[in-house]
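Per the working numbering, the sequence shown runs over residues 47 to 366. We treat Cβ as the ideally placed atom computed from N, Cα and C, and that holds for glycine. Here the structure is a predicted model, which means the values were calculated and not measured.
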Amino acid sequence: MNVGGRQCRRFIIPYRTLRIQGGAAMADIKKIGFIGTGVMGGRMCRNLATKGDVPVIAFDLDPDKVAALDNAGVEAAPSIEALVAVSDLIIICVPGEPQVRTVLFEPDGVLQHVHAGQTVVDMTTATANVAKEAAEKLGNKSVDFADAPIARGVSSAEDGTLSIMVGGSKEVFDHIHPAMSCMGTEITHCGGVGTGMVMKLMNNFIVFMNTSALAEALLIGTRAGVDGELLFETLSRGSADSFVLRKHGMQYMVKEDFPDDVFSVVYSLKDLSYALKLAEENNVNAETGKLVERRFKEAIDSGYGPYYGPVVYKLLKDQN
């Protein structure tokens, strides 16, 4: 697959080889700093500390989230400045673009404190534009940068089986690959800076479309007299099968189980807005995406914003 003029390549690394490969390749990385230890970042940071072979230091606005990683050997940093001062590789994983801009560009942010020879990796889901801006500003200080957003959910963050999409030079990709392999099993080099973000946004774009379609199919099917579980089980055996069907549909939607500690409608709308902005910038009228955006906004207005994305099924039931 060609993305951004570069050949997109996927690397699948067996879990048992991580320490051996990481130990050799991370010889020039003496310490890793991790900023943002929330629902996803905390689990990723833990894997980095327990599966890797270099010390990890972390910072979060909520000190308790970092303290929870103490049993994994993660050191707590009192500030971003303190973290940057001792880290060769700095990883950022925060909720969205506003937080990335704060972490990177505010007066006490990463940009102010980095020095030549360091590498910064942003694993947040944001936009290609902020990735390119970060690369330019960090590059002016001889600091390397890559965007490396993640796909799959909390369980994959927990067990280190994330899909990680990297945008950056081949040299930077090779440099950070061992660290990424502690957090994911599929590490894809998507091309230059920003292409990792594009890949992630398109991943989520399709997930949101599929989730909305599944909600409609479930409501139509059950009202037409078909058992919901049987409907999704049967669909999973045919050409309608997908990860979204098996996870969002079969594990949550059909059971009407919509937790408030997983990827919420609010976050879904955030990512979809980034994808629609990307479509606009590239002169694409993403009409289906706009319809799903409207549905997400209606879900938030109806009080479903804090709940897991498949909750759009309940919105449909309410409206019909």
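- Around the beta carbon of Gln-164, 16 or more other beta carbons lie within 10 angstroms, which makes this residue buried.
- Per DSSP, the unbroken alpha helix (DSSP H) holding Asp-364 starts and ends at 358 to 365.
- Residues of the same chain with a CB within less than 7 Å of the CB of Met-169, apart from the 5 flanking positions on each side, are Ile-137, Ile-138, Cys-139, Ala-194, Pro-195, Ile-196 in chain order.
- The continuous alpha helix (DSSP H) containing Leu-94 extends over residues 87 to 97.
- For Val-149, same chain residues with a beta-carbon under 8 Å away, outside a window of 5 residues either side, are Ile-81, Gly-82, Ile-126, Ile-138, Val-140, Gly-155, Val-156 in chain order.
- The DSSP assignment places complete beta strand (DSSP E) segments of no fewer than 3 residues inside the stretch 163 to 246 at 165 to 168, 190 to 193, 208 to 213, 230 to 237, in order along the chain.
- Looking from the CA of Gly-274, the closest CA among Arg-283, Leu-281, Leu-264 belongs to Leu-264.
- The stretch 342 to 355 makes no contact with the stretch 233 to 247, as fewer than three CB pairs between them are under 8 Å.
- Within a 10 Å sphere around the beta-carbon of His-161 sit fewer than 16 other beta-carbons, which makes this residue exposed.
- Note on Arg-198: 16 or more other CB atoms within 10 angstroms of its CB, so buried under the neighbour-count rule.
- Counted as a single uninterrupted DSSP element, the beta strand (DSSP E) harbouring Phe-80 occupies residues 78 to 81.
- When the five nearest sequence neighbours on each side are left out, the beta carbons in the same chain lying within less than 7 Å of the beta carbon of Arg-147 are those of Val-176, in order along the chain.
- Going by DSSP, Val-308 is part of no alpha helix (DSSP H) at all; its letter is neither H nor E.
- Here Gly-214 has Ala-192, Val-239 as same chain residues with Cβ atoms under 6 Å from its own Cβ, once five neighbours each way along the sequence are excluded.
- The continuous stretches of alpha helix (DSSP H) do not include Leu-115, and DSSP gives it neither H nor E.
- Beta-bridge annotation (DSSP): Ile-138 is paired with Ile-81, Asp-168.
- In this structure, DSSP gives Glu-143 a helical state, which the three-state scheme calls helix.
- Only residues of its own chain outside the window of five on either side were considered, and among them Gly-240, Met-243, Val-244 have a CB closer than 6 Å to the CB of Ala-174, listed in chain order.
- The residue from Asp-220, Asp-116, Pro-109 with its alpha-carbon nearest to that of Thr-96 is Asp-116.
- At the C-beta level, Val-120 and Val-102 come within 9 Å of one another.
- The beta carbon of Asp-306 is closer than 6 Å to those of Pro-352, Tyr-353 in its chain, skipping five residues each way along the sequence.
- In the three-state reduction of the DSSP assignment, Tyr-353 falls in the coil class, being assigned neither a helical nor a strand state.
- Approximately 5 Å separates the beta-carbon atoms of Lys-316 and Gly-142; this is inside 8 Å, confirming the contact.
- Note on Arg-269: under 16 other CB atoms within 10 angstroms of its CB, so exposed under the neighbour-count rule.
- By the Cβ neighbour-count rule, Thr-280 is exposed, with fewer than 16 other Cβ atoms within 10 Å of its own.
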